[in-house]
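Heads up, the thing below is written out as structure tokens.
In the working numbering, the protein residues as written are 3 to 349.
Dropping the structure here:
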């Protein structure tokens, strides 16, 4: 039996989008790990899993298409791609993404069986989500706070900013790097490229923090932390949507993972076909998720913006609304951004 996402959020199966949103707010606050930091190891583990469950439930029920599939087929339907022939085994990105390259708990390219599911569970009593990381749940929680504190007035959460900066798991609680539109968030999955140490090129790791003084990221790869320049990182994006292609059966589908090929100027997407092959698409045919950090390039109307890095705040039709470091917003066509933080000429 799969999870009951409605029960997790404490709402009925006929709940409106607003009721689902309120349900997530309430339950995410209830199970936020920082509220259970003084509990036993078992209690902290339970809170961690239920906090992720809340995020997973909200991400499904707040999306009309995912909710439709879930209502019809249950969680198993999401794992199988809604009965539409989810991506199968085999394949992988040429020359990269070796088995074991992804951080623990995250699906990777080229691993055994490829990427098969939207979300995955291990079938345990609390349903550990091997495809839904704690950092992803954290990002969703922060996104609610970014537009004003929706939890204001709730007991124990008067200072949400302090809570979000203290978020960590176990042991000491390191200070979180401040959030900026032009900086990759902690937990972001990245591929290493263009390094002098060729043995590390192609490996995939997870951003731990950004050192503002040195202008470098601390990235954990296979359990080891390394200091990496922004231009040597390429984001691995989950949930990119195919749009406007001549292959109508692909339009509207979300890729399990996508990475930008600098040399070809195209995105390589996996998890869209039954054979789990890699599909190459132009940036104009890929809609990146909100919160993705991107670099503007090839903008003729405002050449002064080329090279600027910002965060996607909205995506509609064929344009993104991008928030820049100084807080200003610009509208840019899909084809004028890349998930790399520097052009290949800078490597």
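Glycine included, every Cβ here is placed at the ideal spot set by N, Cα and C. It should be emphasised that the depicted structure is a prediction, and the values quoted were computed from it without experimental measurement.
- The DSSP-derived three-state label of residue 190 is coil.
- Boundaries of the alpha helix (DSSP H) around residue 31: 19-33.
- Taking the Cα of residue 341 as reference, the smallest distance to any Cα among 327, 268 and 281 is reached at 268.
- With contacts defined by Cβ atoms closer than 8 Å, residue 218 and residue 229 form a contacting pair.
- When 208, 304, 336 and 275 are compared, the shortest CA-CA separation from residue 289 is found for 336.
- Contact annotation: residue 244 and residue 270 have beta-carbon atoms that are not nearer than 8 Å.
- Listed as beta-bridge partners of residue 56 by DSSP are no residues whatsoever.
- A straight line joining the alpha-carbon of residue 223 with that of residue 205 spans about 7 Å.
- Apart from the 5 residues on each side of it in sequence, residue 332 sits with its Cβ closer than 6 Å to the Cβ of 324 in its chain, given in chain order.
- With distances taken between CA atoms, residue 189 lies nearest to 238 out of 238, 23, 196 and 195.
- Under the three-state reduction of DSSP output, residue 76 falls in the coil class, being neither helix nor strand.
- Here the C-alpha atom of residue 191 lies approximately 20 Å from the C-alpha atom of residue 281.
- In the three-state scheme derived from DSSP, where H, G and I count as helix and E and B as strand, residue 236 is classed as strand.
- For residue 7, the uninterrupted alpha helix (DSSP H) segment begins and ends at 7-11.
- A direct Cα-to-Cα measurement between residue 56 and residue 41 gives close to 20 Å.
- Between residue 322 and residue 339, the C-beta spacing is below 8 Å.
- Residue 54 and residue 302 have their C-alpha atoms spaced approximately 42 Å apart.
- DSSP places residue 337 in the helix class (H, G or I) of the three-state scheme.
- Here residue 59 has 7, 10 and 11 as same chain residues with Cβ atoms under 6 Å from its own Cβ, once five neighbours each way along the sequence are excluded.
- Assignment of residue 260 by DSSP, reduced to helix, strand and coil, places it in the strand class.
- Measuring C-alpha to C-alpha distances from residue 327 to each of 298, 318 and 61 identifies 298 as the nearest.
- In the DSSP annotation of this structure, the continuous segment of the beta strand (DSSP E) that includes residue 313 starts and ends at 311-318.
- A straight line joining the alpha-carbon of residue 16 with that of residue 63 spans about 11 Å.
- As the crow flies, the alpha-carbon of residue 39 is around 33 Å from that of residue 72.
- In this structure, the CA atom of residue 241 is about 5 Å from the CA atom of residue 257.
- Between residue 214 and residue 69, the alpha-carbon positions lie close to 40 Å from each other.
- When 139, 275 and 261 are compared, the shortest CA-CA separation from residue 29 is found for 139.
- The beta carbons of residue 253 and residue 196 sit no closer together than 8 Å.
- The beta-carbon separation of residue 200 and residue 78, rounded to 42 Å, does not stay under the 8 Å limit for a contact.
- Residue pairing from DSSP places residue 298 in a beta bridge opposite 339.
- In the structure shown, residue 275 falls within a coil segment according to DSSP collapsed to helix, strand and coil.
- Out of 334, 276 and 22, the CA that lies nearest to the CA of residue 304 is found in 334.
- In this structure, residue 292 places its C-beta atom within 8 Å of the C-beta atom of residue 317.
- Per the coordinates, the alpha-carbon of residue 279 lies some 43 Å from the alpha-carbon of residue 37.
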